[in-house]
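S.K.: Numbering-wise, UniProt numbering puts 253 at position 253 of the sequence shown, and it's gapless, one number per residue.
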Amino acid sequence: MPSLLSAKLIRKSYKVSNNPFKQRYLEILKGVSFTLNPGQTLAVVGESGSGKSTLARILVGAEKPDSGELLFEGNNILKDSSFSWYQNIRMIFQNPAASLNPRASIRQSLEEPLINARVGSSQTRKERIAEVLELVGLRPEYADRYPHTFSGGQRQRIAIARALMLNPKVIIADEPVSALDVSVQAQIINLLLDLQDQLDLAYVFISHDLGLVQHFSDKVLVMHNGEQKEYGRVGEVFSQPQSKYTIELLNASATYRRAIER
Numbered sequence: 001m002p003s004l005l006s007a008k009l010i011r012k013s014y015k016v017s018n019n020p021f022k023q024r025y026l027e028i029l030k031g032v033s034f035t036l037n038p039g040q041t042l043a044v045v046g047e048s049g050s051g052k053s054t055l056a057r058i059l060v061g062a063e064k065p066d067s068g069e070l071l072f073e074g075n076n077i078l079k080d081s082s083f084s085w086y087q088n089i090r091m092i093f094q095n096p097a098a099s100l101n102p103r104a105s106i107r108q109s110l111e112e113p114l115i116n117a118r119v120g121s122s123q124t125r126k127e128r129i130a131e132v133l134e135l136v137g138l139r140p141e142y143a144d145r146y147p148h149t150f151s152g153g154q155r156q157r158i159a160i161a162r163a164l165m166l167n168p169k170v171i172i173a174d175e176p177v178s179a180l181d182v183s184v185q186a187q188i189i190n191l192l193l194d195l196q197d198q199l200d201l202a203y204v205f206i207s208h209d210l211g212l213v214q215h216f217s218d219k220v221l222v223m224h225n226g227e228q229k230e231y232g233r234v235g236e237v238f239s240q241p242q243s244k245y246t247i248e249l250l251n252a253s254a255t256y257r258r259a260i261e262r
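Structure representation (structure tokens):
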């Protein structure tokens, strides 16, 4: 039985010079591979510029890699444009304030993916919005309000609701709690864990917080300058790191935690 989602040697470069006589390219992803099954969380860690967000954009179809394979339930979704895989892989962004249209009501924001996918009637879409708002811990009547009337944590719950509207199987979460107050971060993480249990969701969880990764994830992919430094079970990678870069990340994380606990 194939994995739910798997990447095989994904590569991506960007042109950094328009000089026709000397074109230069910067390789952002240098052969990234992983597998993910239902109910699992894969953490992607590494410093800024390591290629994490580029990988996320490729996974949701916002960009195409230069080479490699991306398989969803065994289907090569980079070649089969007719396969509506985008409904099954949705994204939660880092900043909920920036990801929600301030001029659109919550109902309009949540209904948009259903309309784009031509799912349901006006009434069934209204019922789905109420159902998903309750699922993320918000009242259905909030649908007629606007983003500025909500706290940061509530806005991120709305963003999570939007990602759930099409019943996806995979959620790409790009630093989903880093823009929130510390007191709210645990609430959102617990919500994501509860949703994973209820819906058997798989997560690709992009984060700088190694402590959170150890708590939240099954597997970890360590990236540095576009290279895949390590990949495996969280406990194994963090207890017996094989690359110098992973050791440096773990040491830096431990030093930071000691400093804030003083």
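All C-beta atoms in this analysis are idealised placements derived from N, C-alpha and C, irrespective of residue type, glycine included.
Bear in mind the structure is a predicted one, so any value in this text is a computation, not a measurement.
Alpha carbon to alpha carbon, how far is Glu-141 from His-208? Give it in angstroms, no decimals.
M.R.: Here residue 208 refers to the residue found at position 208 of the sequence shown. Here residue 141 refers to the residue found at position 141 of the sequence shown. Going from the Cα of His-208 to the Cα of Glu-141 covers about 35 Å.
S.K.: For the region 116 to 125 against the region 180 to 194, are there 3 or more C-beta pairs whose distance is under 8 Å?
M.R.: Flag = no, the region 116 to 125 and the region 180 to 194 do not touch.
S.K.: Would the region 214 to 228 count as touching the region 242 to 256 if we require 3 or more Cβ pairs under 8 Å?
M.R.: Contact between the region 214 to 228 and the region 242 to 256 is present, because at least three Cβ pairs lie under 8 Å.
S.K.: Take Arg-157 as the anchor and find which of Ser-217, Ile-10, Ile-129 has the nearest alpha-carbon.
M.R.: For the purposes of this step, residue 157 is taken as the residue at position 157 of the sequence shown. Checking every option, the nearest Cα to that of Arg-157 belongs to Ile-129.
S.K.: Within a Cβ cutoff of 8 Å, which residues of the same chain sit near Arg-24, ignoring the five residues on either side of it in sequence?
M.R.: To locate residue 24, count along the sequence shown from 1; it is residue 24. If we look at Arg-24 and ignore the five residues flanking it on each side, its Cβ neighbours are Lys-15, Val-16, Ser-17.
S.K.: From the DSSP output, in three-state form, read off Asp-200 for me.
M.R.: Position 200 of the sequence shown, counting from 1, holds the residue named residue 200. In the structure shown, Asp-200 sits in coil (DSSP, three-state: anything other than H, G, I, E or B).
S.K.: Could you check if Arg-90 is buried or exposed, using at least 16 other CB atoms within 10 Å of its CB as the buried criterion?
M.R.: As a working note, residue 90 is residue 90 in the sequence shown. Flag for Arg-90 reads buried.
S.K.: Once the 5 residues before and after Pro-113 are set aside, which same chain residues still bring their CB inside 6 Å of it?
M.R.: Position 113 of the sequence shown, counted from the start, is the residue given in the question as residue 113. Correct list, in chain order: Met-165, Leu-166.
S.K.: Using DSSP bridges, identify the partner residues of Leu-26.
M.R.: Counting from one through the sequence shown, the residue named residue 26 turns up at place 26. Answer is Tyr-14, bridged to Leu-26.
S.K.: If you check the beta carbons only, do Ala-163 and Leu-100 fall under 8 Å apart?
M.R.: Here residue 163 corresponds to residue number 163 of the sequence shown, with the count starting at 1. Here residue 100 corresponds to residue number 100 of the sequence shown, with the count starting at 1. Their beta carbons are not under 8 Å apart, which means Ala-163 does not touch Leu-100 by this criterion.
S.K.: Report the rounded CA-to-CA distance for Ser-109 versus Asp-218, giving the unit in angstroms.
M.R.: For the purposes of this step, residue 109 is taken as residue 109 along the sequence shown, with counting starting at 1. For the purposes of this step, residue 218 is taken as residue 218 along the sequence shown, with counting starting at 1. So the alpha carbons of these two residues sit roughly 32 Å apart.
S.K.: With 16 other CB atoms within 10 Å as the buried threshold, where does Lys-12 fall?
M.R.: In the sequence shown, the residue the question calls residue 12 occupies position 12. That one is buried.
S.K.: Can you tell me whether Ala-143 is buried or exposed? The criterion is at least 16 other CB atoms within 10 Å of its CB, across all chains shown.
M.R.: What you label residue 143 is simply residue 143 of the sequence shown in a count that begins at 1. It is buried - the Cβ of Ala-143 has at least 16 other Cβ atoms within 10 Å.
S.K.: Determine the contact status of Ile-171 and Leu-201, defining contact as a CB-CB distance below 8 Å.
M.R.: Within the sequence shown, numbered from 1, the residue matching residue 171 stands at position 171. Within the sequence shown, numbered from 1, the residue matching residue 201 stands at position 201. Yes, these two residues count as a Cβ contact at 8 Å.
S.K.: Going by DSSP in three states, Ala-214 sits in which element: helix, strand or coil?
M.R.: If you number the sequence shown from 1, residue 214 lands on position 214. The question names Ala, yet the displayed sequence has Gln at residue 214. Helix.
S.K.: Using DSSP bridges, identify the partner residues of Ser-6.
M.R.: As a working note, residue 6 is residue 6 in the sequence shown. According to DSSP, which records beta bridges pairwise, Ser-6 is partnered with Thr-35, Leu-71.
S.K.: If you pair each beta-carbon of the region 224 to 236 with each one of the region 58 to 71, do three or more pairs fall below 8 Å?
M.R.: Output reads no: the region 58 to 71 does not touch the region 224 to 236.
S.K.: Which residues does DSSP list as the beta-bridge partners of Tyr-231?
M.R.: Taking the sequence shown and counting its residues from 1, the one referred to as residue 231 is at position 231. Answer is Leu-221.
S.K.: Identify every run of the alpha helix (DSSP H) within the region 92 to 118, keeping only runs that are complete inside it and at least 4 residues long; order them along the chain.
M.R.: Listed in chain order, they are 96 to 99, 106 to 116.
S.K.: Just the Cα atoms here: how many angstroms apart are Leu-9 and Phe-21?
M.R.: Sequence index remark: in the sequence shown, residue 9 carries index 9 (1-based). Sequence index remark: in the sequence shown, residue 21 carries index 21 (1-based). Cα to Cα, Leu-9 sits roughly 30 Å from Phe-21.
S.K.: Looking at the strands, I want to know which residues DSSP matches up with Asp-174.
M.R.: For the purposes of this step, residue 174 is taken as the residue at position 174 of the sequence shown. Answer is Ile-206, bridged to Asp-174.
S.K.: Does any heavy atom of the ligand SAM sit closer than 7 Å to the C-beta of Arg-90?
M.R.: Of ligands this structure carries none, so the ligand SAM is not represented either.
S.K.: Just the C-alpha distance for Ile-189 and Ala-173, rounded to the nearest angstrom, thanks.
M.R.: Sequence index remark: in the sequence shown, residue 189 carries index 189 (1-based). Sequence index remark: in the sequence shown, residue 173 carries index 173 (1-based). Taking the straight line from one Cα to the other gives about 11 Å.
S.K.: In the DSSP output, what is Arg-90 paired with across the bridge?
M.R.: Residue mapping note: residue 90 aligns to position 90 of the sequence shown, counting from 1. The partner list for Arg-90 (beta bridge, DSSP) reads Ile-171.
S.K.: Would you mind stating whether Leu-5 and Phe-93 have Cβ atoms separated by less than 8 Å?
M.R.: Your numbering for residue 5 matches position 5 in the sequence shown. Your numbering for residue 93 matches position 93 in the sequence shown. Cβ atoms of Leu-5 and Phe-93: not closer than 8 Å.
S.K.: Rounded to the nearest angstrom, how far is the Cβ of Phe-205 from that of Leu-42, given a contact under 8 Å?
M.R.: On the sequence shown, residue 205 is found 205 positions in, with the first residue counted as 1. On the sequence shown, residue 42 is found 42 positions in, with the first residue counted as 1. Right, their Cβ atoms sit about 7 Å apart.
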